[in-house]
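In the working numbering, the protein residues as written are 85 to 352.
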């Protein structure tokens, strides 16, 4: 049953790509899977990590919704075709494609090797391209659908973090989303980008752990820069993702939604 007072997505099939790890905090993908499940959606869960996928599947099963899981590397066309096929075999349609897959990259431009460029662009941008290619024909034929791509405000402005390839990959995601919105809007398909700011997620914590500064010190610095005074959470991302997929978001198309506590409007 949908969460009381929240969007009702019963009968809606959501293909959620990148369910994310869990730990001391819940990541964007995992929180979004939970939120879609609480809204009553049927879920096709996709991730490259089978253990993470199994864990997420157990959690949504506990919420009580129909679901399937597919281990796949969505930067590979054959894996995308397989994942979409499993979802269609199980549910007959894909109403919502939520792309949360992504990897980070740190290091200045001069120190970033070409194979790292290829890896990041493949996972972050090529996957969105392949998945869109796979699901859009069905959405167009049915006269409706929603594509939500998780991006970053670093695609729009420099945050003082050395991550040039990551920033490029997310800018490419924004451009693809705009194209889908413009080309498929007349067929009832909506596409929007969620541009996340500084988020407290397992992925962010793992990246900071690779450096020399303690987590509390880094987060305190981030919080001073964010007008809202705190980092974002997986639940922040999840609630907006569910709204965008719901009838309440039916006139939102081509949006680059800044989910960043106001960080992008500051100059600091």
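Using N, Cα and C, we set each Cβ at its ideal position, and we do this for glycine too.
For the alpha helix (DSSP H) assignment, the uninterrupted runs of no fewer than 4 residues enclosed by the segment 228-313 are, from N- to C-terminal side, 248-268, 286-293, 299-309. Bridge pairing for residue 129: 100, 153 [DSSP]. Residue 250 sits away from residue 158, with the two beta carbons spaced by 9 Å or more.
DSSP places residue 222 in the helix class (H, G or I) of the three-state scheme. For residue 185, there is no enclosing alpha helix (DSSP H), as DSSP marks it with neither H nor E. Contact check for residue 310 against residue 346 passes: the beta carbons are separated by less than 9 Å. If you look at residue 341, you'll find it in the beta strand (DSSP E) that goes 340-343. Bounds of the alpha helix (DSSP H) holding residue 320 are 318-329. Beta bridge pairing from DSSP links residue 110 with 106.
The alpha-carbon of residue 125 is positioned some 23 Å away from that of residue 235. In the DSSP assignment, residue 206 falls outside any alpha helix (DSSP H) and carries neither an H nor an E. Per the coordinates, the alpha-carbon of residue 132 lies some 14 Å from the alpha-carbon of residue 152.
In the displayed model, residue 334 falls within coil according to three-state DSSP, outside both helix and strand.
Per the coordinates, the alpha-carbon of residue 219 lies some 7 Å from the alpha-carbon of residue 168.
A residue is called buried once 16 or more other Cβ atoms fall within 10 Å of its Cβ, and residue 254 is buried on that count. Taking a 10 Å sphere around the C-beta of residue 91, we find 16 or more other C-beta atoms and assign the residue as buried. Distance from residue 164 to residue 214 at the Cβ level is roughly 5 Å; contact confirmed, criterion being Cβ atoms closer than 8 Å.
The segment 129-145 and the segment 98-112 touch, with no fewer than 3 CB-CB distances between them shorter than 8 Å. In the same chain as residue 292, and ignoring 5 residues on each side of it, the C-beta atoms closer than 6 Å to its own belong to 299, 302, in chain order. Remark: fewer than three beta-carbon pairs, one from each stretch, lie closer than 8 Å, so the segment 239-249 and the segment 216-230 are not flagged as touching.
Listed in chain order, the non-local C-beta contacts of residue 348 below 8 Å within the same chain comprise 237, 240, 241, 279, 281, 342, local neighbours out to five positions each way being set aside.
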